[in-house]
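Residue numbers (our numbering): 334 to 866. By construction, the Cβ of each residue, glycine as well, lies at the ideal position given by its N, Cα and C atoms.
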């Protein structure tokens, strides 16, 4: 059974987060977005943890053997009082949306003669384990001032604490490349996972790409090959839920199965892993199985799952990605002076802002270049390949997308210059949120405007949920559901036909689907051609 997971969000108790981030609102938005498993976020914060305990209830794993009890057939684990480690809203009509216990912590400590600032995502296997961790942390640290607590402890010490409580805790680096608060961050991070986690590096099973990088950028580091690549929204508001997400094929939908998939880096190899229409016109579908030549090289002739039984096949199918250029640290730069540089331009200026002569903030693309032991892939182009751009606020990079875009480079075999990623990597698709596409098509600045939200609701009513609309509905059917400009916008996002101004130094990048002339034409057409259903 396919499940879409967003494993890192925040609650209303985290700084700079929306007060609308309540459990009931998160449940409702996940139904609209098409998310099956969502992080609780912030379980270390006492008031939020109280909400979690009082408003959620544990649900049993799916597809378990049944036993006859006094009240009829009951799943064995439920009968024995052992839940599946996933939770549902007590007031919800069903368990379509399942919560996984999660939090993010900020670690600030000295290591190797340098102050380190590291953010880690933590998943707890059950409420008891989460509560025990909270009790330990509350003794020595202030976990009551912020939903994302700041802890004066090292990454190895946190790993030791969590795993000492329960070996099934999942701990992995958040937004791994962010300059200021990440394991590989240019300002306060490390160069190797082992430098950060020491003897506990073997207990780290995943990384989170963050908004400013995509899987292909992470494939350039062979040291990351053994780790599961996860992409999460890190949402600080409801609309940003599922801007990045993970698509798993699961059998027994439970915490333990999520743990197994991530720990063992299980990649789904069954039939049809790709979204139905993400490949429109050679667009952004992942290639998740080997070619005939690759299959023969590894002695595996069961390509695309072969004729075997795929019902037991579980794993990561693909990840859903933000365009990394839109992330706020993709390029280097100095926001105060409006300076945005590619790595090549930064090198030319010796890392110094040409306006004020202060040091530039080194972004994700540059940091990946610094640590990578593999070249950039041939499929990378435009902003992603470091195409030079002009200085300042007028900086705009037009991406010249090839017939096969970056995300088409799914699982492959050898690493050669500008060629294929390693065998055993899940593919990915790149999306822009539906309300952003609608706003762009209507030439309206705010995605929250009444007109944009009315059309969003119209599409959800017809298409079921946002991710289904973006990934699975045919161009022909989209044309019947909405304005021609909106349908065209969805098609262009699938194809990667975008104009992107990359983000830098804490400033988000900008995505444009239509140029100004096209927007004027769209407005004129929409007056005469379309009436919402």
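Whole angstroms is fine: what's the gap from residue i's alpha carbon to residue j's?
| i | j | result |
| --- | --- | --- |
| residue 356 | residue 683 | 48 angstroms |
| residue 608 | residue 804 | 6 angstroms |
| residue 585 | residue 672 | 50 angstroms |
| residue 589 | residue 666 | 42 angstroms |
| residue 463 | residue 597 | 23 angstroms |
| residue 431 | residue 691 | 47 angstroms |
| residue 353 | residue 421 | 19 angstroms |
| residue 830 | residue 593 | 37 angstroms |
| residue 793 | residue 518 | 38 angstroms |
| residue 821 | residue 786 | 18 angstroms |
| residue 769 | residue 780 | 6 angstroms |
| residue 726 | residue 849 | The pLDDT assigned to residue 726 is 31, lower than 50, so where the model puts this residue is not dependable; a value taken from the coordinates is nonetheless given after this. So the two alpha carbons sit approximately 18 angstroms from each other. |
| residue 341 | residue 815 | 32 angstroms |
| residue 698 | residue 508 | 13 angstroms |
| residue 695 | residue 515 | 13 angstroms |
| residue 384 | residue 581 | 28 angstroms |
By a C-beta neighbour count over all protein chains shown, 10 Å radius and 16 as the cutoff for buried, is residue i buried or exposed?
| i | result |
| --- | --- |
| residue 387 | exposed |
| residue 788 | buried |
| residue 826 | buried |
| residue 348 | exposed |
| residue 529 | buried |
| residue 473 | exposed |
| residue 689 | exposed |
| residue 565 | buried |
| residue 602 | buried |
| residue 426 | exposed |
| residue 537 | buried |
| residue 555 | exposed |
| residue 846 | buried |
| residue 680 | exposed |
Along the alpha helix (DSSP H) that carries residue i, what are the first and last residues, could you check?
| i | result |
| --- | --- |
| residue 828 | 817 to 828 |
| residue 701 | 697 to 704 |
| residue 365 | 356 to 366 |
| residue 770 | 767 to 775 |
| residue 488 | 488 to 498 |
| residue 793 | 783 to 796 |
To the nearest whole angstrom, what separates the beta carbons of residue i and residue j, a pair I think is in contact under 8 angstroms?
| i | j | result |
| --- | --- | --- |
| residue 455 | residue 435 | 7 angstroms |
| residue 599 | residue 647 | 6 angstroms |
| residue 658 | residue 835 | 4 angstroms |
| residue 364 | residue 798 | 7 angstroms |
| residue 323 | residue 651 | Residue numbering for the chain in the displayed model covers 334 to 866; residue 323 lies beyond these limits and cannot be assessed. |
Which residue or residues does DSSP assign as beta-bridge partners of residue i?
| i | result |
| --- | --- |
| residue 539 | 561 |
| residue 673 | 666 |
| residue 456 | 435, 503 |
| residue 420 | 391, 432 |
| residue 651 | 580, 760 |
| residue 447 | 444 |
| residue 685 | 692 |
| residue 371 | 339, 432 |
| residue 596 | DSSP, once it has assigned bridges, lists no residue as partnering residue 596. |
| residue 425 | Partner(s): none; residue 425 has no beta bridge. |
| residue 568 | 342 |
Taking the continuous beta strand (DSSP E) assigned at residue i, which residues delimit it?
| i | result |
| --- | --- |
| residue 806 | Careful: residue 806 lies outside any beta strand (DSSP E) and carries neither H nor E. |
| residue 475 | Neither: residue 475 is in no beta strand (DSSP E) and is coded neither H nor E. |
| residue 338 | 335 to 339 |
| residue 433 | 431 to 433 |
| residue 946 | Outside the shown range of the chain, which is 334 to 866, sits residue 946, and nothing can be said about it. |
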